[in-house]
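The next block holds one structure in the form of structure tokens; read it before the comments.
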Amino acid sequence: MSFRLSQRDKDIIGFINQFRAVDRDSLVELFFKQLKSPVNACNSVMVRLYRLGLIERTQQYSPTVYLPVDAKIKKNSQKILHFLSILDVYKQMCSYNMPKNVIVEDKPTGRKGGIEPDLFCIFKGSPFWVEIQRNQYSEQKIQAKINLYEEFFFSDEWKALHWQPESRAAIFPSVILITPVRYAVNSDHIRIIQVASIHELMEKYKGSAKQQRDGISRVSSSSNGIKINLT
1 MSFRLSQRDK DIIGFINQFR AVDRDSLVEL FFKQLKSPVN ACNSVMVRLY RLGLIERTQQ
61 YSPTVYLPVD AKIKKNSQKI LHFLSILDVY KQMCSYNMPK NVIVEDKPTG RKGGIEPDLF
121 CIFKGSPFWV EIQRNQYSEQ KIQAKINLYE EFFFSDEWKA LHWQPESRAA IFPSVILITP
181 VRYAVNSDHI RIIQVASIHE LMEKYKGSAK QQRDGISRVS SSSNGIKINL T
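Residue numbers for the sequence shown follow full-length UniProt numbering, beginning at 1 and rising by one.
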């Protein structure tokens with residue numbers, strides 16, 4: 001069968017391959033919102049790509065969720081909700097500034113047992129590793145996760161990661177815990193930010209920037225004294 005794909009078709013397929021599971025409404029928001037009938041246009045494109053065998057789909061969710069052709073997750077797997085959570089964080093970031101160097105389920109150590117953040121990206125000029133905690137865990141388990149980040153910090157291997165700036169000193173990313181629960185975890189070596197959403201993160205740093213403009217030197221304890229370029 002001979003067919004020609006538009007650049008948008010290729011972008012959609014690449015996006016689904018990157019994020020592993022993408023719901024129809026997110027595709028509308030990211031690729032079709034400028035059209036007169038965005039939902040109809042999206043449905044038409046996705047049916048065509050599905051019939052061409054270029055994407056998979058599961059109708060276990062409403063609206064439909066699309067998967068890569070070689071997806072190794074079952075169509076009713078809870079893992080799909082995990083990937084949709086990562087996608088939601090990405091979309092929240094996009095509403096402020098387009099993230100760069102996006103890696104879903106990053107494995108920067110390259111070995112099992114190392115840190116495995118749900119998302120890496122450079123957002124508003126600063127690098128972040130994002131951990132999305134959809135369930136509540138013990139503080140010991142969360143601290144153990146932070147300890148792995150500290151181990152990686154002391155390894156110095158992060159200085160050679162491909163996204164590091166060539167013209168400046170290497171930067172260890174801040175770690176964002178997306179969680180509705182606040183954990184009593186800490187680190188003397190890496191920046192940890194606990195927020196319920198990216199929207200909350202931006203509100204905190206907007207308030208911090210206002211304090212700085214008003215000449216107030218103290219930093220909100222909710223941001224752990226971190227100064228990051230988010231304004």
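By construction, the Cβ of each residue, glycine as well, lies at the ideal position given by its N, Cα and C atoms.
No experiment lies behind these values; they were computed from the predicted model shown.
Would DSSP call Arg4 helix, strand or coil?
-> coil
Nonlocal neighbours in the same chain, by C-beta distance under 6 angstroms from Ile73, ignoring five residues either side = Lys79
Are the segment 184-198 and the segment 88-95 in contact at 8 angstroms, needing three or more beta carbon pairs?
-> yes
Best match in Ile115, Lys124, Glu131, Ile176 for proximity to Glu157 [C-alpha to C-alpha] | Ile115
May I have the straight-line CA-CA distance separating Pro63 from Ser138, to the nearest angstrom?
-> 34 angstroms
Best match in Phe152, Arg4, Tyr96 for proximity to Lys206 [C-alpha to C-alpha] | Tyr96
So, using beta-carbon positions, are Pro38 and Glu56 closer together than 8 angstroms?
-> no
Who are the Cβ neighbours of Asp25 in its own chain at under 7 angstroms, not counting the five residues just before and after it?
-> Pro63
Lys36 in three-state terms, based on DSSP | coil
So does the segment 168-184 actually touch the segment 120-131, counting three or more Cβ pairs closer than 8 angstroms?
-> yes
Proximity winner among His162, Leu81, Asp70, Tyr61, relative to Asn135 (alpha-carbon distances) | Leu81
Roughly how many whole angstroms lie between the Cα atoms of Gln7 and Tyr50?
-> 17 angstroms
Keeping to the same chain, check which residues put their C-beta closer than 8 angstroms to that of Gln18; ignore five residues upstream and five downstream.
-> Val102, Val104
If you drop the 5 nearest sequence neighbours on each side, which residues of the same chain put their C-beta closer than 6 angstroms to that of Lys145?
-> none
Per DSSP, which residues does Phe128 bridge with? Please list them.
-> Cys121, Ser174
Please state if the CB of Leu27 and the CB of Ile12 are separated by a distance shorter than 8 angstroms.
-> yes
Who are Asp23's beta bridge partners in DSSP?
-> Val65
Asn101 by DSSP, collapsed to three states: which one?
-> strand
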